Every structure is written in structure tokens, then in C-alpha cells.
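Chains as they are written, first to last, in this note's numbering: chain A, 1 to 834; chain B, 835 to 1024.
Beta carbons: idealized from backbone N, C-alpha and C, even for Gly.
All figures in this text were calculated on a predicted structure; none of them were measured in a lab.
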Ligand code: SF4
Ligand code: SF4
Ligand code: SF4
Ligand code: SF4
Ligand code: FES
């Protein structure tokens, strides 16, 4: 601790605190351009100059740490005139075209000059111009370098946080231009974080270009709907059209960052094709109807026998809606057949919940990153949870720790890892087992026969996992030497369930050897965790309590529908036809359904089969809470009213419930949350008061929002042996699937901006494979399995495991679920030039 | 003493109807003086001074490019929020920049004619004209759109104003129009 005097006020701060932070702490504002907490300090803009007594020159406070006994003045006339002069320099060549600049009204340079600046210009010379016209750097970024203040925040955020590292500085001094490699069109993550950090109108969003002024926008502070990272954002509309989504500095766990989906994907909300009125099937055609009619038809068709009723709710609904949905089924319909995923097996989900200790309450990603070793396994985190990827990158760069990534696919985060393991897809179990054996070798050492058995087993599982023993040993060594370990386990464990029990075993083993272990599930749907915790699961009720009666999961429900054992299916927000991992089975079942109710925002493939379609609200049109993958319950807020006769899903579910039981259900989301809190131990402390609380000093981890533990649980963890893929020389590639970086499920396909970024499917294979097939990046190739073939564009990835092909599950022109077959393992495909 | 005097004076005034006569002189004076009533709008119209603030106009450069860059400063400055500007991108050379107004409209019945919008405009695109005749037969004409506002106004900038000009009164379905003959003016008395 050191004591310094700032403007005569004595304060004591930690060693190595920057003068800037100390001054802000003491309540003095110092203007900055290039400083940003979490980015490496470069001290280039000189806005933050302060006077240190005894030193003749002013010092940049953003890179100067305090020393004991320093006397610092931040508001003397010298400092003030230095600020004005710095601004005068910046303005000397600044375009000053505020009237046409999209940043006008929220520009840091404007504010700064207004506050500190010279209010008169002295330069009559013609200004230096980089270029006459703004140029597009990507489909979402447009650049005007004439307005640059050379703070390099764009370059640093791209390198240090996003990890794309595609921006750099061209030229020097005031002729320095921050741009892409010789201004070429960027093929990057398109997340627009450079736009967000740019203090001036230099990096600008193309979809927002010349649409409005910031002061025309009405905003709502909400949570992103596209993955379970749970980024906080403000969505803004003008005249009923969603204009932009932006992050806020120092707020939410994401601070100023978002990914492409979050920043550009919400325009789907105000598309004209939204469902606006209930539809009822009459004489084979869906026709508009009133709510009264639609609800009456539903009521008439609900069978009295609960076993003949089934429900599937989307993990994108709010906790309150999901809670009500399961209440409707369990208490009103007397049915146990509910599920929250069209893709995953409920038993695998249960095992995953147990293996990831989700019932033990929330785990903060920041706490996980405090661990000495962090393992990311079963997740393409850079694509599925981009902001989690940023958090891992940023924190791992700043401290000594091990980051281990186990995945068949290369990913952006690899560059931060000090151990990459490329195992065969679907062999995470074998990999984990080899790690467990290797970790445990000390225990069996010297036990004679047991030792041989263990090493024999180790060799066989290592080769089964397709990794070299060296990597496994190295991971085991890292685990042994770490006092704390965090495992981030992703959705690959659930896509083709496998290795879940081994995950649990590794966790328990590490715990029993005295290490602090935390497991963070990495999920791809905004409220997947909430859906499980609300009890939308055939065998688990709220707070993972075992349900009295075990119902059918999606898979079994579809089978029952096909067989005529289930008459009434209510699908809320889920697109089963296009997400269920076997399109043929799903569409056959839906086509045979006796009565199908679909509640959604768009006319999805599933809704086309429905007998009644109910128009629901998009995430910006309702209120409620989402629980992210960490177990942080955060509030989403309403910005607009749903279009036409569409209604918030909570109201729809309640209206259906009230037809059967007039006393059903709380009247609004606050009352619903109260009901959840009183009945669900995990949520008993969740409060709207601390939801979305602002943190002013960039401390992003609001721990009070984490849900509590569920107490003693009786979750079962079965081991799932993945069905082996039928290997043959004809189909050499193992197909892996997941979300594309720009897309999440099918929802983002409706976003104009995102489908502008990438609409047609791409398949990704390793560079070596491509070379041996004589293919290169961008070629059109035919992906063929024994059941289906599609022509798509090829992408090559450096460092992916050979003989693996990645096809994202989002694209309309290549529905992955046509490759998949119910009851079979991951499909094998061939790739040939089209 | 003085009180009595005053009372007597009062009495005399009453008997002689002095107040009545006083009032009558004013009336009679006006009766013989020159009339200041404008025969508006049938025959005459007042042409306002140059600094008068009337209906908005949007202006162009000499080469015909729209000056408005849709910066929305006018609408921000406006105390009654009666201007709506929606910008858009346009590279065809319509405006002086590639940012032009998709919509620029003003609600004239809410406007105060304070001129703040004029002051705020960085390109002098919006100017208040001397047009003050807003009468119309329905409310549609109270909102003026960009297309209308871009039409050149009749009164030439060089004309001084503050006079009464000969005019013709035209009534049509679209509203009421006064046609002025600027070559035939007289000074406005007062
Ligand atoms: S483009 Fe923006 S963020 Fe980048 S250096 Fe220039 S002013 Fe800073
Ligand atoms: S990382 Fe996930 S939550 Fe965050 S902005 Fe992207 S999609 Fe949204
Ligand atoms: S004159 Fe005043 S009230 Fe009227 S539009 Fe302009 S700023 Fe608004
Ligand atoms: S009239 Fe002037 S102030 Fe108003 S939007 Fe156009 S340029 Fe801006
Ligand atoms: S903020 Fe300190 S030099 Fe830029």
C-alpha cells in the first residue's frame, strides 16, 4: 500500500495502482482516449496528462503507477491547457464532419472538446485526408479514417480480447491509419467490438449507417438471446424497427464486448414475416382466427388422459414461461411428457447435470478463470460462446495458468492454450479416461499386475481417443501440479451422448485428491440451464428434484405420436422439424400428429404441420429472466410490444391454463418469479433488484445473481456409449456439428445482417485433408453420406484433426439433420469436388 | 374649501357632457382619417419584413444539390419537437454529402417559429421563409414534407418587405392561395 496526495487529498491505494485509477478512486475525473481497463496500456493519446510535483514534465497517468509520497495535481492550469492543446492537435487534421458522422451525439471527442477543448480553431491549413470516401471493411463495418484519434483501441481489442488479430496500424504519427491488412475486406469474427471501443466515428456499423441519431432511440437493457453466455446488451429501436444492439462498458459480464450474433442478430425481431395472429387449421388450411377461437379449439382437443399429451418448450423462453409451461403440464394436464430440447436425450441431460454439478448452484466464469488449470472440453467455445472465449483469452493472457483445450476442431482460442489436444470426435470419454488413468498412475504404481492392467488400458484408451500419450501425460502432470482446476464442458457431450460419466469421474477424482474443482457447462441456448432448473424435463421437476412420474422426452414423444399413442402435442418456440437430429423421423411424426399446437414468432417448418399456431413474442417484447450457463439469473426487458395480435408467451400459456383451471397461474412475470422463488430452492435468492445491476468500476462478476445449490440430489449418471459410426473407406470423414460463429439454431437465419454475413452452408476440414484431396478454401464440394448429399462451400482450418468434417447445424440449404439418423452414431461422409 | 371647488367643477363637466364629447372626437377623428384596414386577402396582402419567420424551406446549392445532410440537429434543437428527420445513404449526388434526408417533415401547427432550427443547421439548409398563410380546409396541410419544402418560394430574397402588395385571392380544393403582385405595393401605415 502506498499513500499519495491527489489534488491535496491524501489517499492510500495498492502498490502499482495507476495514477489514473487512483485519481478516479479519489473522485477526480481524468479524460482519456487510449486507456481502457483490460487492454494493455499504451499511453499514446496524452489526454490523461497530470502534474507530479517535483517533475518538470507532465506525465501520462494511464501508464504511470503511483509511488509512495507522490503529490499529483490533476486540475492545475498547466494540466488544463495541456488537455486543450492535445485536443487542438487531434482536431488539426480531424474531419470535423459531425453532421454526417454516425457517432455524432455519442462521440467521446465531441464531449471532450466541449468540456476541455479549445473552442476556437487556429489552423487554416488544408487538412490531411486519408481518403475522400468511407470504405467498407466488412459487411458490417464501415471505416472513415479521417476521424481517427490514433488511440489503437480497435487494434488492441481485436488482438487482446477477440483474438482475431486482423487490424493493425498502417503508417506512423498522425498519418497512422488503423485498418485491415492494406485495407482489404475483412474475413474476421464480424463482432464489431472495434466499432464499440472506437471513441469516434471511425469504425462504424454498416447496418446502422445513416439510419438515425442516438437520441432518437429508445432502448432496453437486456440479455442476449443467442447463447448461454448471457451477455448484457442494450437493444434500441426507432419507430418500431430494431436499429442496433450495443454493449456497455463495465456492465454485465461481457463489459463492452459482444459477438456478431448478439450485436447484429436482433434485427430478426422486427421482420415483417412475424406471426401476427393466431391460425387455426380449417379444411386442411391454416387460417387466421381470434384468440378466443384458437383457445377454444385447443381446449376441445386436449385429451383427458394426461399420458396422451406432450409438450416441448424452447430453451429460449424465459424462466417464468418455462415454469408455467411445466406447471400447465404437470398440474393441469396431468402429463409428465415435457422436454426442453429437440436435440438432446433427457437421460444424457440428467447425467450431464450431475457430471457438471449444476445442481450445486451457479459457478462464475471469473472464478473458474482463477484456477491454475482450466480445461475446455466438448465445446467449440470460440464459435458457440464467443464472449466466453473472449473472457478466457483476456484473463488467461494476464496471469500464469494452464489453459488446455480438447477438441477435434481447431479454434481461435487455441492460440491462448498451452496444451491442445485433438481427439477423435465422440471419444471424449476415452480421452478423459486416459487422463484419469494417467493422473492416477501414482496410485497403482508398484501394485504389480494392477499396474500392467492400468498401463495396458491407458494405451488402449489413448489410441481410442486418437491422441498421443505425451499430450495426455502432460495434461495429467498439469492437473497434478495444480491446486485448483476448472473444467468447462460443452454441448458435444450431449449431441451424441458419450463420456459424461467420465467427466463426472474426473471431477470427483480431482476433488478427492484435494483440489478445488469447478465445472462450468458451456451451453448454446440462452436459457437452457433455466429450462432444466424450471423442471422442463421429463424426469426432473423444478430445482432438479425427481419428478413423481417419469415422462417421455422429445425422442419418445415423437415416436409415440407416430404410433398414435400421443394425441396432443404442444410445442412452444421449438423448431423440432429442423432441429431434431433426424429430419425424416421428425417430419413423419409431426405429419401424423392428431393435434399439434405450435407457438412461435415465425412460421417455422414445425408450425407448418400445426393445427393451431399461436403467435408469441420475441425476446425484446416480453419481460422475464434468463439463467445463463453459469447459473446467473438475469432479467430481460421489454422494448416493444409484440406485433399484431401476438402475445407474450407467458400470457399464452396462462390463457391456455385458465381455460382448464381459472385459478391457474400468476398474472405477470413478477408474480411468476415470486412463485418460482418460493418453490425452487435454487432461485430463492434471485431478485430483480440486483438483476442487471450496474457496476461502475468494470467489476463484472455480480455473484449475487448466481443461483443457489439444490441441496441433496438423487441425479443419476448413466454412462452413454456412443453408437459407433459405420466406418468405411467410402466415407472417410466423421461429421461433427454445432453452431456457426454467426448463427445460433435457426433463429439467426431470419436476421438480415447475419444472413448477409453468411447464408449458405460451409463445411470445414483440416488443411492437410484439403491438400490431399486437392481442394482449397472456397471450393464448392459435395458432402455425401449414405443418406443425403449437399453441395456446400469448403473452408479449411489449420490444426484441426484430420478426417473430421464440421458442418454447422444452422443453414437452410444444408439441413444437418438430414445426415443424421435416429439411433445411429455420428454419420460418416465423403467430400469431393462438386 | 378645495373639496367644494372640485365638486363644483365635476358638476359643470357633467352638465356639459365633456367626457361624451371627448370620446366622440376620437371616433369622429377616425371617421375622417385615412383607413388602415387591409383588404386582405381579396385585394391586398402584407408582405412581411425580411427577418420575419414563417414556414420552413429547404434549400439547395446553386448546382441543385440538397443542402440538408439529415444531421437531425434542427429536430434536436426544436423546443416543440415538431421536426422529424430520417436520414438515409444516397450516393447519387442528390445532396452535398452521401447522407441525405429520407424524411424531413415539420408539423406547422406545433411550430413556434422561433427559428432555432435555422440556427442549428450546419449547412443552412433549413431557413424560415416569409410564408405565413397556413389556412387550409383539412389538417393534412399542417405537416409539410421535404418535397414541398424544397420548392423555391415566391418572394425573392432581394425584396425588402414590410409593405402591402396588390393581390388576388384564389380558393381551390387544395386550400387557399393568395397571388401577390410585388410590383404594385404601398407602404404599410403605422
Ligand atoms: S479507429 Fe477508432 S479506435 Fe481505432 S485508433 Fe482510430 S479512433 Fe482509436
Ligand atoms: S456470446 Fe452469446 S450471449 Fe454473448 S453476444 Fe454472443 S450470442 Fe449473445
Ligand atoms: S421554428 Fe422553432 S419551433 Fe419551429 S420548427 Fe424551428 S425550432 Fe421548432
Ligand atoms: S435541415 Fe439542417 S439541421 Fe436539419 S437535418 Fe438538414 S442539415 Fe441538419
Ligand atoms: S489515456 Fe493516457 S495516454 Fe491515452
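Backbone secondary structure at residue 283/A - three-state DSSP: coil
Please compile the residues from chain B whose C-beta is within a distance smaller than 7 Å of the C-beta of residue 548/A. Here the premise fails: no neighbours, minimum Cβ distance about 58 Å.
Run the CB neighbour count on residue 492/A, radius 10 Å, all protein chains shown included, and call it buried at 16 or more, exposed below. buried
With 8 Å set as the bound, which would you pick, yes or no: does the beta-carbon of residue 1014/B sit closer than that to a beta-carbon of chain A? no
Should residue 44/A be counted as a contact of ligand 5 given a C-beta to heavy atom distance under 7 Å? yes
Tell me residue 1060/B's beta-bridge partners as DSSP assigns them. Outside the displayed span of chain B (835 to 1024) sits residue 1060/B, for which this structure offers no information.
Flag this pair as yes or no: are the beta carbons of residue 241/A and residue 270/A separated by less than 8 Å? yes
Do you know whose CA, among 123/A, 184/A, 109/A, lies nearest residue 141/A's CA? 184/A
Using a Cβ-Cβ cutoff of less than 7 Å, which residues in the same chain neighbour residue 162/A once the five nearest sequence positions on both sides are dropped? 189, 191, 193, 390
Given a threshold of 16 other Cβ atoms within 10 Å of its Cβ, counted over all protein chains shown, does residue 215/A qualify as buried or as exposed? exposed
Would you verify that the beta carbon of residue 209/A is, or is not, closer than 8 Å to some beta carbon of chain B? yes
One question on the structure: do residue 612/A and residue 297/A come within less than 8 Å of each other, judged by their Cβ atoms? yes
If you follow the alpha helix (DSSP H) that residue 394/A is part of, which residue opens it and which one closes it? 386-398
Hey, residue 89/A and residue 753/A: beta-carbon distance below 8 Å or not? no
Kindly indicate if chain B contains any beta-carbon less than 8 Å away from that of residue 532/A. no
Can you find at least 3 beta carbon pairs, one from the region 955-963 of chain B and one from the region 879-890 of chain B, that sit closer than 8 Å? yes
Listed from N- to C-terminal order along the chain, which residues in the region 954-966 of chain B have their beta-carbon within a distance smaller than 8 Å of any beta-carbon of chain A? 956, 957
Assign residue 12/A to one of two classes, buried (16 or more other C-beta atoms within 10 Å of its C-beta) or exposed (fewer than that). exposed
Heavy atom of ligand 3 within 7 Å of residue 949/B beta-carbon: yes
According to DSSP, residue 419/A sits in a beta bridge with which residue or residues? 404/A
Three-way DSSP call (helix, strand, coil) for residue 73/A in this model: strand
Tell me whether residue 956/B, by its Cβ, gets closer than 7 Å to a heavy atom of ligand 4. yes
Can you name, in chain order, every residue of its own chain whose Cβ lies under 6 Å from the Cβ of residue 299/A, other than the five neighbours on each side? 659
Who are the Cβ neighbours of residue 186/A in its own chain at under 6 Å, not counting the five residues just before and after it? 137, 138, 166, 180
Would you call residue 878/B buried or exposed, if buried means 16 or more other Cβ atoms sit within 10 Å of its Cβ? buried
Rounded to whole angstroms, what's the CA-CA distance from residue 683/A to residue 362/A? Just pull it up for me. 11 Å
Of all the residues that make up the region 273-298 of chain A, which are near chain B by a beta-carbon distance shorter than 9 Å? none
At the level of alpha carbons, what is the spacing between residue 721/A and residue 556/A? 19 Å
So, under 8 Å CB-CB, residue 235/A and residue 266/A are touching, yes? Tell me the CB distance rounded to an integer number of Å. 6 Å
Hey, would you say residue 275/A sits closer than 8 Å to residue 603/A, going by beta carbons? yes
Would residue 923/B pass as an interface residue toward chain A - the criterion being a Cβ-Cβ separation below 8 Å? yes
Under 9 Å by beta carbon: chain B residues contacting residue 104/A: 905, 906, 907
7 Å Cβ shell around residue 1003/B - same chain, five flanking residues per side excluded: 875, 876, 1012
Mind listing which residues of the region 924-942 of chain B have their C-beta closer than 7 Å to chain A's C-betas, in chain order? 931, 933
When you compare each of 230/A, 598/A, 564/A to residue 577/A by their alpha carbons, which one comes out closest? 598/A
The region 471-485 of chain A touching the region 349-358 of chain A, judged by at least three CB pairs closer than 8 Å: no
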